[in-house]
Amino acid sequence: MNLFAADALTSRGWMRDVRIGIAADGTIERVEAGAQPDGAERLAGPLIPGMPNLHSHAFQRAIAGRTGHASSEGDSFWTWRMAMYAFLDRVDADAFEAIAAQAYVEMLKAGYTAVAEFHYVHHDPEGRPYADPAELARRILTATDETGIGLSLLPVFYAHGGFAGVPPVAGQRRFVHSVDAYVRLIEVLGRDTVGAGWNLGVAPHSLRASTPDELAAVVAAAPAGAPIHIHAAEQAKEVADCIAWSGARPIEWLLAHAGVDARWCVVHATHMTVEEARGLAASGAVAGLAPTTEADLGDGTFAAPAYVGAQGAFGIGSDSNTIIDPFAELRQLEWSQRLAWQARNVLAGEGMPVGLALYAGAARGGAKALGRRAGTIAPGYRADFVVLNADDPALAGQPVEAVLDAAIFGPCRRPARDVMVAGRWVVRDGHHPREDAVFARYRATLARLSR
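Once you know that position 416 of the sequence shown is 416 in my numbering, the rest is easy, because the numbers rise by one and skip nothing.
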(Lines of atoms letter the chains of each structure in order from A and count residues from 1; the text may use other names and numbers.)
(Lines give C-alpha, C1' and ligand atoms only; values in the text may rest on other atoms or scores of the structure.)
Protein backbone atom coordinates (compact mmCIF):
# COMPACT_ATOMS: atom_id res chain seq x y z
CA MET A 1 0.00 0.00 0.00
CA ASN A 2 1.15 3.53 -0.81
CA LEU A 3 -0.19 6.77 0.65
CA PHE A 4 0.42 10.35 -0.42
CA ALA A 5 0.02 13.30 1.95
CA ALA A 6 0.42 16.93 0.95
CA ASP A 7 1.65 17.48 4.53
CA ALA A 8 2.89 14.84 6.99
CA LEU A 9 4.39 15.08 10.46
CA THR A 10 7.36 12.74 10.12
CA SER A 11 10.25 11.94 12.46
CA ARG A 12 11.99 14.95 10.87
CA GLY A 13 9.08 17.34 11.43
CA TRP A 14 6.48 18.60 8.99
CA MET A 15 7.30 17.69 5.39
CA ARG A 16 5.61 18.43 2.06
CA ASP A 17 4.42 16.00 -0.63
CA VAL A 18 5.15 12.84 1.31
CA ARG A 19 4.77 9.38 -0.19
CA ILE A 20 4.65 6.53 2.32
CA GLY A 21 5.04 2.84 1.51
CA ILE A 22 3.45 0.35 3.90
CA ALA A 23 4.42 -3.32 4.05
CA ALA A 24 1.98 -6.21 4.30
CA ASP A 25 2.71 -6.55 8.03
CA GLY A 26 1.51 -3.01 8.70
CA THR A 27 4.92 -1.37 9.15
CA ILE A 28 6.26 1.63 7.27
CA GLU A 29 8.75 0.68 4.53
CA ARG A 30 9.70 4.12 3.26
CA VAL A 31 8.93 7.81 3.70
CA GLU A 32 9.79 10.10 0.77
CA ALA A 33 9.35 13.88 0.90
CA GLY A 34 9.07 16.02 -2.22
CA ALA A 35 7.60 13.02 -4.03
CA GLN A 36 4.95 12.51 -6.67
CA PRO A 37 1.70 10.60 -5.97
CA ASP A 38 2.34 8.04 -8.73
CA GLY A 39 -0.88 6.14 -8.09
CA ALA A 40 -0.73 6.31 -4.29
CA GLU A 41 -3.90 6.95 -2.30
CA ARG A 42 -4.20 10.71 -1.77
CA LEU A 43 -5.08 11.64 1.80
CA ALA A 44 -7.74 14.26 2.52
CA GLY A 45 -5.81 16.22 5.14
CA PRO A 46 -2.53 16.54 7.04
CA LEU A 47 -1.13 13.21 8.25
CA ILE A 48 0.07 12.75 11.84
CA PRO A 49 1.08 9.73 13.93
CA GLY A 50 -1.77 8.04 15.77
CA MET A 51 -1.88 8.70 19.50
CA PRO A 52 -1.31 5.79 21.90
CA ASN A 53 -3.66 5.80 24.88
CA LEU A 54 -1.40 4.69 27.73
CA HIS A 55 -3.99 4.28 30.50
CA SER A 56 -7.57 3.06 30.22
CA HIS A 57 -10.11 1.37 32.47
CA ALA A 58 -12.59 0.62 29.68
CA PHE A 59 -15.51 -0.42 31.91
CA GLN A 60 -15.56 3.03 33.55
CA ARG A 61 -16.90 4.49 30.29
CA ALA A 62 -20.34 3.42 31.51
CA ILE A 63 -20.28 5.58 34.66
CA ALA A 64 -19.46 8.82 32.86
CA GLY A 65 -22.04 11.38 33.98
CA ARG A 66 -23.34 9.23 36.83
CA THR A 67 -21.23 10.62 39.67
CA GLY A 68 -22.21 14.29 39.73
CA HIS A 69 -24.04 14.35 43.07
CA ALA A 70 -21.89 15.62 45.94
CA SER A 71 -22.06 13.66 49.18
CA SER A 72 -23.03 15.35 52.44
CA GLU A 73 -19.44 14.88 53.65
CA GLY A 74 -17.90 16.45 50.54
CA ASP A 75 -16.81 14.70 47.39
CA SER A 76 -13.35 13.45 46.41
CA PHE A 77 -11.55 10.70 44.56
CA TRP A 78 -12.32 8.39 47.46
CA THR A 79 -16.10 8.92 47.36
CA TRP A 80 -16.04 8.59 43.57
CA ARG A 81 -14.24 5.28 44.01
CA MET A 82 -17.07 3.92 46.18
CA ALA A 83 -19.61 4.90 43.50
CA MET A 84 -17.50 3.08 40.90
CA TYR A 85 -17.39 -0.05 43.07
CA ALA A 86 -21.17 0.02 43.48
CA PHE A 87 -21.70 0.23 39.71
CA LEU A 88 -19.21 -2.55 39.05
CA ASP A 89 -21.22 -4.93 41.24
CA ARG A 90 -23.76 -5.16 38.37
CA VAL A 91 -21.34 -5.58 35.45
CA ASP A 92 -21.20 -9.17 34.18
CA ALA A 93 -18.86 -10.49 31.47
CA ASP A 94 -21.18 -9.64 28.57
CA ALA A 95 -21.62 -6.10 29.84
CA PHE A 96 -17.88 -5.77 30.36
CA GLU A 97 -17.23 -6.64 26.72
CA ALA A 98 -19.99 -4.39 25.38
CA ILE A 99 -18.74 -1.37 27.36
CA ALA A 100 -15.14 -1.98 26.28
CA ALA A 101 -16.08 -2.20 22.61
CA GLN A 102 -17.96 1.13 22.82
CA ALA A 103 -14.98 2.79 24.49
CA TYR A 104 -12.60 1.46 21.84
CA VAL A 105 -14.75 2.64 18.94
CA GLU A 106 -14.83 6.09 20.51
CA MET A 107 -11.05 6.01 21.00
CA LEU A 108 -10.42 5.18 17.36
CA LYS A 109 -12.78 7.87 16.10
CA ALA A 110 -11.02 10.39 18.35
CA GLY A 111 -7.52 9.51 17.05
CA TYR A 112 -6.22 6.96 19.54
CA THR A 113 -4.71 4.06 17.58
CA ALA A 114 -3.66 1.78 20.47
CA VAL A 115 -4.61 1.40 24.12
CA ALA A 116 -2.92 0.14 27.28
CA GLU A 117 -5.79 -1.50 29.12
CA PHE A 118 -5.02 -1.39 32.86
CA HIS A 119 -7.20 -4.41 33.49
CA TYR A 120 -8.00 -4.99 37.14
CA VAL A 121 -11.48 -6.60 37.09
CA HIS A 122 -10.75 -10.33 37.05
CA HIS A 123 -13.56 -12.14 38.92
CA ASP A 124 -17.35 -12.38 38.80
CA PRO A 125 -19.59 -9.89 40.68
CA GLU A 126 -19.41 -12.05 43.82
CA GLY A 127 -15.63 -12.09 43.73
CA ARG A 128 -15.38 -15.70 42.56
CA PRO A 129 -12.84 -16.65 39.86
CA TYR A 130 -14.39 -17.56 36.52
CA ALA A 131 -13.91 -21.12 35.26
CA ASP A 132 -11.44 -19.52 32.88
CA PRO A 133 -9.41 -17.14 35.08
CA ALA A 134 -8.69 -15.07 31.96
CA GLU A 135 -12.39 -14.70 31.09
CA LEU A 136 -12.57 -10.91 31.37
CA ALA A 137 -9.14 -10.45 29.81
CA ARG A 138 -10.42 -12.41 26.82
CA ARG A 139 -13.45 -10.11 26.67
CA ILE A 140 -11.00 -7.22 26.26
CA LEU A 141 -9.29 -9.14 23.45
CA THR A 142 -12.64 -9.75 21.75
CA ALA A 143 -13.50 -6.05 21.96
CA THR A 144 -10.17 -5.04 20.43
CA ASP A 145 -10.53 -7.63 17.68
CA GLU A 146 -13.99 -6.30 16.82
CA THR A 147 -12.93 -2.67 16.75
CA GLY A 148 -9.37 -2.91 15.39
CA ILE A 149 -7.57 -0.84 18.02
CA GLY A 150 -4.03 -1.87 18.94
CA LEU A 151 -3.67 -3.32 22.43
CA SER A 152 -1.17 -3.61 25.23
CA LEU A 153 -2.97 -5.70 27.87
CA LEU A 154 -1.88 -5.00 31.44
CA PRO A 155 -3.46 -7.45 33.89
CA VAL A 156 -3.38 -5.77 37.29
CA PHE A 157 -2.14 -7.33 40.52
CA TYR A 158 -4.27 -6.13 43.43
CA ALA A 159 -4.11 -7.74 46.88
CA HIS A 160 -4.67 -5.11 49.58
CA GLY A 161 -6.83 -2.16 50.55
CA GLY A 162 -4.00 0.02 51.82
CA PHE A 163 -0.32 0.27 52.67
CA ALA A 164 1.33 -2.39 54.85
CA GLY A 165 -0.95 -5.17 53.64
CA VAL A 166 -4.31 -3.81 54.86
CA PRO A 167 -7.03 -6.31 53.82
CA PRO A 168 -9.13 -5.36 50.77
CA VAL A 169 -12.63 -4.01 51.26
CA ALA A 170 -15.74 -5.70 49.89
CA GLY A 171 -15.87 -3.43 46.84
CA GLN A 172 -12.44 -4.70 45.75
CA ARG A 173 -13.38 -8.39 45.74
CA ARG A 174 -13.38 -8.61 41.92
CA PHE A 175 -9.77 -7.42 41.74
CA VAL A 176 -7.90 -9.55 44.27
CA HIS A 177 -5.23 -12.14 43.39
CA SER A 178 -2.58 -14.09 45.21
CA VAL A 179 0.86 -13.84 43.64
CA ASP A 180 0.65 -17.46 42.47
CA ALA A 181 -2.75 -16.96 40.82
CA TYR A 182 -1.55 -13.78 39.15
CA VAL A 183 1.58 -15.44 37.78
CA ARG A 184 -0.56 -18.26 36.35
CA LEU A 185 -2.78 -15.65 34.66
CA ILE A 186 0.27 -14.03 33.03
CA GLU A 187 1.50 -17.43 31.88
CA VAL A 188 -1.87 -18.30 30.33
CA LEU A 189 -2.16 -14.96 28.54
CA GLY A 190 1.48 -15.10 27.48
CA ARG A 191 0.72 -18.22 25.44
CA ASP A 192 -2.08 -16.30 23.71
CA THR A 193 0.30 -13.60 22.48
CA VAL A 194 2.17 -16.02 20.20
CA GLY A 195 1.47 -14.83 16.67
CA ALA A 196 -1.04 -12.24 17.95
CA GLY A 197 -0.95 -8.54 17.26
CA TRP A 198 -1.10 -7.40 20.88
CA ASN A 199 1.38 -6.95 23.71
CA LEU A 200 1.26 -8.28 27.27
CA GLY A 201 2.67 -6.42 30.26
CA VAL A 202 2.18 -6.39 34.02
CA ALA A 203 0.64 -3.84 36.33
CA PRO A 204 1.11 -3.89 40.09
CA HIS A 205 -1.81 -1.62 40.87
CA SER A 206 -0.05 0.62 43.40
CA LEU A 207 2.07 0.56 46.52
CA ARG A 208 -1.11 0.56 48.57
CA ALA A 209 -2.43 -2.57 46.81
CA SER A 210 0.80 -4.63 46.86
CA THR A 211 3.50 -5.21 49.45
CA PRO A 212 7.18 -4.79 48.48
CA ASP A 213 7.64 -8.56 48.16
CA GLU A 214 4.52 -8.87 46.00
CA LEU A 215 5.65 -5.95 43.83
CA ALA A 216 8.99 -7.64 43.23
CA ALA A 217 7.29 -10.93 42.32
CA VAL A 218 4.94 -9.24 39.86
CA VAL A 219 7.80 -7.41 38.16
CA ALA A 220 9.72 -10.68 37.93
CA ALA A 221 6.71 -12.28 36.20
CA ALA A 222 6.78 -9.75 33.36
CA PRO A 223 7.72 -11.15 29.95
CA ALA A 224 11.15 -10.02 28.79
CA GLY A 225 11.10 -6.33 27.88
CA ALA A 226 7.37 -6.04 28.62
CA PRO A 227 5.76 -2.82 29.91
CA ILE A 228 5.36 -2.40 33.69
CA HIS A 229 2.70 0.11 34.76
CA ILE A 230 1.83 1.28 38.28
CA HIS A 231 -0.36 4.00 39.80
CA ALA A 232 1.64 6.33 42.05
CA ALA A 233 1.19 9.67 43.81
CA GLU A 234 -2.23 10.42 42.34
CA GLN A 235 -3.71 11.73 45.58
CA ALA A 236 -2.33 13.82 48.46
CA LYS A 237 -3.79 11.29 50.93
CA GLU A 238 -1.91 8.50 49.17
CA VAL A 239 1.34 10.42 49.59
CA ALA A 240 0.68 11.04 53.29
CA ASP A 241 -0.23 7.39 53.86
CA CYS A 242 2.92 6.24 52.05
CA ILE A 243 5.09 8.48 54.23
CA ALA A 244 3.39 7.10 57.35
CA TRP A 245 4.10 3.55 56.15
CA SER A 246 7.63 3.88 54.80
CA GLY A 247 9.00 7.31 55.64
CA ALA A 248 9.15 8.08 51.90
CA ARG A 249 6.86 9.47 49.23
CA PRO A 250 5.52 6.97 46.64
CA ILE A 251 7.76 7.93 43.73
CA GLU A 252 10.70 8.44 46.06
CA TRP A 253 10.14 4.88 47.35
CA LEU A 254 9.80 3.40 43.86
CA LEU A 255 12.98 5.05 42.61
CA ALA A 256 14.91 3.81 45.64
CA HIS A 257 13.54 0.25 45.85
CA ALA A 258 11.79 -0.95 42.68
CA GLY A 259 14.42 -0.72 39.94
CA VAL A 260 12.36 1.71 37.88
CA ASP A 261 13.72 1.91 34.34
CA ALA A 262 12.61 2.49 30.75
CA ARG A 263 10.12 -0.41 30.90
CA TRP A 264 8.03 1.41 33.50
CA CYS A 265 5.11 3.77 33.20
CA VAL A 266 4.32 5.61 36.42
CA VAL A 267 0.67 6.57 36.05
CA HIS A 268 -0.43 10.00 37.30
CA ALA A 269 2.76 10.93 39.23
CA THR A 270 0.76 13.99 40.22
CA HIS A 271 2.28 14.84 43.58
CA MET A 272 6.03 14.94 42.98
CA THR A 273 8.79 17.09 44.40
CA VAL A 274 11.26 18.64 41.97
CA GLU A 275 13.81 16.02 43.04
CA GLU A 276 11.35 13.20 42.34
CA ALA A 277 10.51 14.69 38.94
CA ARG A 278 14.18 14.80 38.00
CA GLY A 279 14.76 11.30 39.30
CA LEU A 280 11.80 9.86 37.40
CA ALA A 281 12.95 11.59 34.22
CA ALA A 282 16.48 10.22 34.63
CA SER A 283 15.16 6.67 35.11
CA GLY A 284 13.85 6.54 31.54
CA ALA A 285 10.33 5.73 32.72
CA VAL A 286 7.26 7.36 31.18
CA ALA A 287 4.96 9.57 33.25
CA GLY A 288 1.47 8.40 32.35
CA LEU A 289 -0.79 11.45 32.52
CA ALA A 290 -4.58 11.48 32.41
CA PRO A 291 -5.31 15.21 32.62
CA THR A 292 -9.09 15.14 32.15
CA THR A 293 -9.56 12.35 34.69
CA GLU A 294 -7.18 14.04 37.13
CA ALA A 295 -9.21 17.23 36.77
CA ASP A 296 -12.53 15.37 37.08
CA LEU A 297 -11.41 13.64 40.29
CA GLY A 298 -9.74 16.70 41.79
CA ASP A 299 -6.36 14.97 41.95
CA GLY A 300 -4.03 17.93 41.57
CA THR A 301 -1.62 19.36 39.00
CA PHE A 302 1.35 17.48 37.52
CA ALA A 303 4.80 19.05 38.00
CA ALA A 304 5.26 19.43 34.24
CA PRO A 305 7.92 22.17 33.99
CA ALA A 306 10.35 20.32 36.27
CA TYR A 307 9.71 16.96 34.63
CA VAL A 308 9.69 18.06 30.98
CA GLY A 309 12.61 20.39 31.70
CA ALA A 310 14.57 17.32 32.80
CA GLN A 311 13.75 15.66 29.45
CA GLY A 312 11.23 13.31 31.04
CA ALA A 313 9.13 11.13 28.73
CA PHE A 314 5.36 11.50 29.06
CA GLY A 315 2.21 10.21 27.43
CA ILE A 316 -1.54 10.61 27.86
CA GLY A 317 -4.43 8.31 28.64
CA SER A 318 -8.20 8.46 28.86
CA ASP A 319 -8.19 6.61 32.24
CA SER A 320 -11.82 6.72 33.49
CA ASN A 321 -13.03 7.45 29.93
CA THR A 322 -15.22 10.32 31.03
CA ILE A 323 -13.66 12.12 28.07
CA ILE A 324 -12.20 10.17 25.15
CA ASP A 325 -10.20 12.66 23.11
CA PRO A 326 -6.40 12.95 22.91
CA PHE A 327 -6.64 16.57 21.82
CA ALA A 328 -8.71 17.39 24.92
CA GLU A 329 -6.16 15.61 27.13
CA LEU A 330 -3.33 17.70 25.73
CA ARG A 331 -5.37 20.90 26.06
CA GLN A 332 -6.13 20.12 29.70
CA LEU A 333 -2.47 19.31 30.36
CA GLU A 334 -1.29 22.66 29.05
CA TRP A 335 -4.18 24.62 30.55
CA SER A 336 -3.55 23.12 33.99
CA GLN A 337 0.01 24.43 33.78
CA ARG A 338 -1.14 27.86 32.62
CA LEU A 339 -3.44 28.12 35.64
CA ALA A 340 -0.76 26.91 38.03
CA TRP A 341 2.02 29.14 36.67
CA GLN A 342 -0.08 32.06 35.37
CA ALA A 343 1.72 31.91 32.05
CA ARG A 344 1.02 30.80 28.48
CA ASN A 345 2.62 28.14 26.28
CA VAL A 346 4.28 26.55 29.31
CA LEU A 347 5.10 23.28 27.53
CA ALA A 348 6.18 24.69 24.17
CA GLY A 349 9.40 23.19 22.85
CA GLU A 350 12.37 25.32 21.96
CA GLY A 351 11.55 26.79 18.57
CA MET A 352 8.43 24.60 18.41
CA PRO A 353 4.75 25.56 18.82
CA VAL A 354 3.15 24.22 21.97
CA GLY A 355 0.65 22.02 20.12
CA LEU A 356 3.38 20.29 18.14
CA ALA A 357 5.55 19.84 21.24
CA LEU A 358 2.67 18.34 23.20
CA TYR A 359 1.43 16.03 20.46
CA ALA A 360 4.81 14.74 19.31
CA GLY A 361 6.01 14.23 22.88
CA ALA A 362 2.88 12.35 23.95
CA ALA A 363 2.89 10.16 20.83
CA ARG A 364 6.51 9.10 21.39
CA GLY A 365 6.11 8.61 25.13
CA GLY A 366 2.83 6.77 24.78
CA ALA A 367 4.29 4.33 22.26
CA LYS A 368 7.21 3.67 24.59
CA ALA A 369 4.82 2.99 27.49
CA LEU A 370 2.84 0.52 25.37
CA GLY A 371 5.96 -1.29 24.16
CA ARG A 372 4.75 -0.54 20.65
CA ARG A 373 7.04 0.64 17.85
CA ALA A 374 4.82 3.55 16.91
CA GLY A 375 4.29 7.22 17.68
CA THR A 376 6.26 8.59 14.75
CA ILE A 377 6.18 8.36 10.97
CA ALA A 378 9.45 6.72 9.95
CA PRO A 379 10.59 3.47 8.32
CA GLY A 380 10.33 0.45 10.61
CA TYR A 381 7.51 1.90 12.70
CA ARG A 382 3.89 0.77 12.68
CA ALA A 383 1.61 2.51 10.23
CA ASP A 384 -0.62 3.96 12.97
CA PHE A 385 -1.87 7.21 11.43
CA VAL A 386 -4.47 9.94 11.80
CA VAL A 387 -5.57 12.10 8.89
CA LEU A 388 -6.69 15.44 10.29
CA ASN A 389 -10.08 16.77 9.23
CA ALA A 390 -9.26 19.66 6.93
CA ASP A 391 -13.00 20.41 6.60
CA ASP A 392 -13.43 21.26 10.28
CA PRO A 393 -13.81 25.05 10.44
CA ALA A 394 -11.13 25.29 13.15
CA LEU A 395 -8.56 23.64 10.87
CA ALA A 396 -9.61 24.97 7.48
CA GLY A 397 -7.07 27.39 6.05
CA GLN A 398 -4.58 26.91 8.88
CA PRO A 399 -0.89 26.80 7.90
CA VAL A 400 0.37 23.31 8.59
CA GLU A 401 2.78 24.60 11.27
CA ALA A 402 -0.24 25.75 13.31
CA VAL A 403 -2.67 22.94 12.59
CA LEU A 404 -1.99 21.00 15.80
CA ASP A 405 -2.35 24.15 17.89
CA ALA A 406 -5.71 24.70 16.18
CA ALA A 407 -6.77 21.08 16.74
CA ILE A 408 -5.83 21.19 20.44
CA PHE A 409 -6.65 24.75 21.46
CA GLY A 410 -9.11 25.94 18.83
CA PRO A 411 -12.88 25.28 18.58
CA CYS A 412 -12.29 22.01 16.74
CA ARG A 413 -15.19 19.56 17.06
CA ARG A 414 -13.84 16.61 15.03
CA PRO A 415 -10.07 16.76 14.52
CA ALA A 416 -9.67 13.18 13.22
CA ARG A 417 -11.09 12.31 9.79
CA ASP A 418 -9.46 8.96 8.94
CA VAL A 419 -7.59 6.57 11.24
CA MET A 420 -5.26 3.72 10.31
CA VAL A 421 -3.95 0.99 12.64
CA ALA A 422 -1.04 -1.19 11.49
CA GLY A 423 -1.70 -0.38 7.83
CA ARG A 424 -5.47 -0.92 7.93
CA TRP A 425 -8.08 1.83 7.79
CA VAL A 426 -10.41 1.51 10.80
CA VAL A 427 -12.12 4.93 10.55
CA ARG A 428 -13.04 6.64 7.30
CA ASP A 429 -14.57 10.12 7.13
CA GLY A 430 -15.23 9.98 10.87
CA HIS A 431 -17.08 6.64 10.83
CA HIS A 432 -16.17 3.22 12.17
CA PRO A 433 -17.72 0.27 10.27
CA ARG A 434 -18.93 -1.37 13.51
CA GLU A 435 -20.07 1.77 15.32
CA ASP A 436 -23.81 1.21 14.92
CA ALA A 437 -23.77 -2.42 16.03
CA VAL A 438 -21.41 -1.69 18.93
CA PHE A 439 -23.52 1.24 20.10
CA ALA A 440 -26.76 -0.74 19.91
CA ARG A 441 -25.24 -3.40 22.14
CA TYR A 442 -23.85 -0.79 24.51
CA ARG A 443 -27.20 1.00 24.79
CA ALA A 444 -29.00 -2.28 25.50
CA THR A 445 -26.36 -3.11 28.13
CA LEU A 446 -26.84 0.18 29.96
CA ALA A 447 -30.60 -0.30 29.92
CA ARG A 448 -30.18 -3.76 31.45
CA LEU A 449 -27.76 -2.51 34.13
CA SER A 450 -30.09 0.34 35.05
CA ARG A 451 -33.10 -1.86 35.84
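Ideal Cβ positions, reconstructed from N, Cα and C, are used throughout, including at glycine.
- According to the DSSP assignment, G315 belongs to the beta strand (DSSP E) that extends over 313-316.
- Under DSSP, L9 forms a beta bridge with W14.
- Distance between R139 and G201, taken at the CA atoms: about 17 Å.
- Considered as a whole, the stretch 269-314 harbours 286-289 as its complete beta strand (DSSP E) runs of no fewer than 3 residues, in chain order.
- Residue pairing for C242: DSSP places it in no beta bridge.
- Beyond the five residues adjoining it in sequence on each side, A367 comes within less than 6 Å, by CB distance, of P52, A374, G375 in the same chain, given in chain order.
- L404 and H160 have their alpha carbons spaced roughly 43 Å apart.
- Residue pairing of E29 in beta bridges, as defined by DSSP: absent, with no partner found.
- The count of Cβ pairs closer than 8 Å, one atom from the stretch 77-85 and one from the stretch 285-303, reaches three, so the stretches are in contact.
- For G380, the closest alpha carbon among the candidates A360, A422, L358, L339 is that of A422.
- Bridge pairing for N345: absent [DSSP].
- The three-state secondary structure of R81, taken from DSSP, is helix.
- Annotation for G361: the continuous alpha helix (DSSP H) segment containing it runs 354-370.
- The beta carbon of G355 sits closer than 6 Å to those of L404, D405, I408, all from its chain and outside the five residues before and after it, given in chain order.
- Under DSSP, N199 forms a beta bridge with S152.
- As DSSP reads the structure, A114 sits in a beta bridge with P52, G150.
- In this structure F59 is not in contact with V105, their Cβ atoms being roughly 15 Å apart against a cut-off of 8 Å.
- Contact annotation: the stretch 442-450 touches the stretch 96-116, with at least three C-beta pairs closer than 8 Å.
- Separation of the CB atoms of A269 and A233 is rounded to 5 Å, and the pair is thereby assigned contact status at 8 Å.
- Around V419, the same chain offers G50, L108, K109, G111, T113, F385, V386, V387, W425, V426, V427 as residues with beta carbons nearer than 8 Å, after the five sequence neighbours per side are excluded.
- For the set R382, W335, E146, the Cα lying nearest the Cα of A343 is the one of W335.
- As the crow flies, the alpha-carbon of A221 is around 25 Å from that of R249.
- Ranked by Cα distance from G197, the options A277, A287, D145, E214 are led by D145.
- In the three-state scheme derived from DSSP, where H, G and I count as helix and E and B as strand, M1 is classed as coil.
- Considering only L280, L370, D436, L339, the residue with the shortest C-alpha distance to I316 is L370.
- For the 8 Å CB-CB criterion, E41 and L3 form a contact.
- The secondary-structure analysis by DSSP pairs W425 across a beta bridge with M420.
- In the structure shown, L395 adopts coil according to DSSP, grouped into three states.
- If you draw a 10 Å sphere on the C-beta of V31, you find 16 or more other C-beta atoms in it, and that means buried.
- Taking each of I186, L54, D124 in turn and checking the Cα distance to G150, the smallest one comes out for L54.
- Per DSSP, reduced to three states, the secondary structure at F385 is strand.
- In the DSSP assignment, H257 falls outside any beta strand (DSSP E) and within the unbroken alpha helix (DSSP H) covering 250-257.
- Judged by DSSP secondary structure, A437 falls within the alpha helix (DSSP H) whose first and last residues are 435-449.
- Excluding sequence positions up to five before and after G165, its CB lies within less than 7 Å of the CB of T211, all in the same chain and listed in chain order.
- Exposed is the label assigned to G247, since fewer than 16 other Cβ atoms lie within 10 Å of its Cβ.
- When the alpha-carbon of Y130 is set against those of F175, F157, T142, the nearest one is in F175.
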